[in-house]
Amino acid sequence: MKKSDLSCPVCHAGYRRIELTSRPGIKGEYRCLMCDVVLETFDGSTNVAIRLTVQPEKTFETPIKPV
Ligand SMILES: [Zn+2]
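Residue numbering for the sequence shown follows my numbering, beginning at 79 and increasing consecutively.
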């Protein structure tokens with residue numbers, strides 16, 4: 079089992095990546111839950127699980143309004 083961390087290059091959300099090299103996985107791709115950019119593509123040779131660990135700061139959704 080291989081563990082590593084990765085982060086989205088676009089919104090900087092943090093992810094934990096766990097790869098089970100002993101078993102086959104599913105072909106496909108993993109997209110960022112926040113901004114939908116493709117973080118990784120899988121060829122199905124190993125079983126990869128990716129979980130969101132750090133949500134990005136949503137600064138763009140909280141504009142500063144003058145009172
Ligand atoms: Zn993202």
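From the three backbone atoms N, C-alpha and C, an ideal C-beta is built for every residue, glycine too.
With a threshold of 7 angstroms, establish whether the CB of residue 112 neighbours any heavy atom of ligand 1.
As a position in the sequence shown, residue 112 is number 34, starting the count at 1. Residue 112 Cβ: within cutoff of ligand 1.
Pick helix, strand or coil for residue 104, following the three-state DSSP scheme.
Taking the first residue of the sequence shown as 1, we reach residue 104 at position 26. In this structure, residue 104 counts as coil in the three-state DSSP scheme.
Sorry if obvious, but does the Cβ on residue 116 come closer than 7 angstroms to a heavy atom of ligand 1?
Looking up residue 116 in the sequence shown gives position 38. Every heavy atom of ligand 1 is 7 angstroms or more from the Cβ of residue 116, so no.
When you compare only the Cα positions, how much space is there between residue 91 and residue 132?
Looking up residue 91 in the sequence shown gives position 13. Looking up residue 132 in the sequence shown gives position 54. Taking the straight line joining both Cα atoms gives about 5 angstroms.
Please classify residue 115: is it buried, with 16 or more other beta-carbons within 10 angstroms of its beta-carbon, or exposed?
Taking the first residue of the sequence shown as 1, we reach residue 115 at position 37. Its Cβ having fewer than 16 others within 10 Å, residue 115 is exposed.
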